[in-house]
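So the structure is just underneath, and the comments pick up after that.
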Amino acid sequence: MAGATPKRGTEKATIDCCMIVVTTKETTPKCIAITSGTKLGVEPQLETTDAVKCMIKGVLKAQKPEKKTLTGHTLTLTDNLTILELIEILQGGTITKDEQQKITGYTPPVSGEDYTPVEFTLDAYSAQMSGSAITGYEKTSYPGCTGQPAGLNSEDDVFRATEYTINSSPANGEPPYTIEYVDKLPTIS
302 MAGATPKRGT
312 EKATIDCCMI
322 VVTTKETTPK
332 CIAITSGTKL
342 GVEPQLETTD
352 AVKCMIKGVL
362 KAQKPEKKTL
372 TGHTLTLTDN
382 LTILELIEIL
392 QGGTITKDEQ
402 QKITGYTPPV
412 SGEDYTPVEF
422 TLDAYSAQMS
432 GSAITGYEKT
442 SYPGCTGQPA
452 GLNSEDDVFR
462 ATEYTINSSP
472 ANGEPPYTIE
482 YVDKLPTIS
């Protein structure tokens with residue numbers, strides 16, 4: 302039997318967590334760009350259906366293999382800066398501002414209060430390089446995201462690195478993520 306001639310795959314060198322963009326799915330959407338993110342960890346969430354085996358007197362006669370279904374991802378964003386607008390999207394609560402729109406504080410939801418998380422899409426941008434030049438950006442989009450409360454740790458002589466945990470659960474029939482290649486990063490106001 303003759304085999305197909307292999308063709309080289311499209312190879313792309315990707316580096317850095319250049320920008321994270323969170324866009325809420327609300328009547329009046331919020332869109333936050335984060336350029337201080339140092340790491341985005343992505344863990345696939347799988348549901349496994351066990352294998353079914355027909356064993357007769359210790360002999361395997363037939364089997365239906367196990368099946369794994371991707372149901373979404375757990376995203377862990379580690380950031381060198383605390384971004385209250387992101388915390389407000391992830392866990393609710395209220396940011397307070399003065400007349401000049403300078404943030405003066407943040408109050409999370411009341412303990413024991415029922416909170417319906419805001420759904421959003423997270424777009425992660427990484428630089429594509431050829432030699433030492435950036436040739437474009439890889440944009441990976443995760444739909445159906447909701448956040449979890451963030452812990453704000455503190456330690457002497459150590460800048461805070463906040464970890465944000467995000468669950469991405471796409472709708473039925475929606476892909477768990479998409480990849481798009483763009484020439485430049487979004488413009489930030």
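One gets the numbering used here by counting positions in the sequence shown from 1 and adding 301 to each.
Idealized CB from N, CA, C, for every residue including glycine.
Being a predicted model, the structure only gives us computed values, none of them experimental.
Cutoff 7 Å; reference residue i; Cβ partners in own chain excluding five residues on either side
i, result
"Thr436", "Gln429 and Met430"
"Thr463", "Asp380, Thr383, Ala451 and Leu453"
"Leu486", "Cys319, Met320, Tyr426 and Tyr438"
Residue span of the beta strand (DSSP E) that contains residue i, given as start and end
i, result
"Leu341", "Gly338 to Thr350"
"Leu371", "Lys368 to Asp380"
"Gln429", "Phe421 to Ser431"
"Thr324", "Ala314 to Thr325"
"Ser281", "There is simply no residue 281 to check, as the chain begins at 302 and stops at 490 in what is shown."
"Tyr438", "Ala434 to Gly448"
"Ala334", "Cys332 to Ile335"
"Lys362", "Val360 to Lys365"
"Gly452", "That residue, Gly452, is in no beta strand (DSSP E); it is neither H nor E in DSSP."
Cβ separation of residue i and residue j, assumed to be a contact under 8 Å, to the nearest whole Å
i, j, result
"Thr339", "Cys318", "6 Å"
"Gly394", "Pro418", "Not really, about 12 Å apart at Cβ, beyond 8 Å."
Residue i versus the options, residue with shortest Cα-Cα distance
i, options, result
"Glu344", "Thr405, Leu378 and Glu389", "Leu378"
"Asp351", "Lys326, Lys368, Ile388 and Pro330", "Lys368"
"Thr447", "Asp424, Glu420, Thr375 and Ala462", "Glu420"
"Thr441", "Ser337, Pro477 and Asn454", "Pro477"
"Ser412", "Pro450, Met356 and Thr463", "Pro450"
"Leu347", "Leu341, Val353 and Gly373", "Gly373"
"Lys365", "Val483, Val353 and Ile357", "Val353"
"Leu341", "Tyr465, Thr306 and Asp399", "Tyr465"
"Gly432", "Gly304, Thr306, Lys313 and Ala305", "Lys313"
"Thr422", "Thr328, Glu456, Pro471 and Asp458", "Pro471"
"Thr336", "Thr306, Asp424 and Asp484", "Asp424"
"Glu414", "Gly406, Gln392 and Gln402", "Gln392"
Burial state of residue i (16 or more Cβ within 10 Å)
i, result
"Ile404", "exposed"
"Thr370", "exposed"
"Lys308", "exposed"
"Ile390", "buried"
"Pro444", "buried"
"Ser469", "buried"
"Tyr416", "exposed"
"Tyr482", "exposed"
"Ile316", "exposed"
"Lys388", "Looking at the sequence provided, one finds Ile at residue 388 rather than Lys. So Ile388 ends up on the buried side."
"Ile467", "buried"
Cut-off 6 Å between Cβ atoms - residues of its own chain near residue i, not counting five sequence neighbours on either side
i, result
"Ile489", "Ala334"
"Tyr362", "The displayed chain sequence assigns Lys, not Tyr, to residue 362. Within the same chain, Lys362 has close Cβ partners Cys355."
"Thr408", "Gly394 and Thr395"
"Thr479", "Ser442"
Range of the contiguous alpha helix (DSSP H) that encloses residue i
i, result
"Ile388", "Leu385 to Gln392"
Residues of its chain near residue i, where Cβ-Cβ distance is below 8 Å and the 5 sequence neighbours each way are ignored
i, result
"Cys332", "Val322, Val323, Thr324 and Thr325"
"Glu492", "Residue numbering for the chain in the displayed model covers 302 to 490; residue 492 lies beyond these limits and cannot be assessed."
Contact test: residue i Cβ vs the ligand ZN heavy atom, cutoff 6 Å
i, result
"Glu367", "In terms of ligand content, the structure shown is empty, and the ligand ZN therefore cannot be addressed."
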